[in-house]
Amino acid sequence: YIIVDEVSTTSSNIVSKVNDRQQQITGKYNKPIGILNVIMCDDLRQLPPARASEMF
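When we follow the working numbering, the leftmost residue of the sequence shown carries the number 3, and every step to the right adds one.
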């Protein structure tokens with residue numbers, strides 16, 4: 003499992019890099035996050051990420 007807390011302050015660029023790395027590790031390039039389970043937690047009404055684009 004990958005657990006991401008404070009997802010509203012996590013930029014889409016970081017999530018993309020995690021996706022790329024997990025696909026590389028698992029060798030499953032055609033599956034999101036290399037077919038691993040991802041749990042994203044947060045209050046989506048919090049502040050946006052600093053100096054980056056929002057994921058949602």
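Glycine residues also receive a C-beta, built at the ideal position from the N, C-alpha and C atoms.
| Item | Value |
| --- | --- |
| In three-state terms, what does DSSP make of D7? | strand |
| When the Cα atoms are used, what is the spatial distance from V6 to I41? | 6 angstroms |
| Ignore the nearest five residues each way along the sequence and tell me which others in D44's own chain have a CB closer than 6 angstroms to its CB. | E8, V9 and S10 |
| Keeping to the same chain, check which residues put their C-beta closer than 8 angstroms to that of T28; ignore five residues upstream and five downstream. | G36, I37 and L38 |
| Return the CA-CA distance between Q24 and R47, expressed in angstroms with no decimal places. | 28 angstroms |
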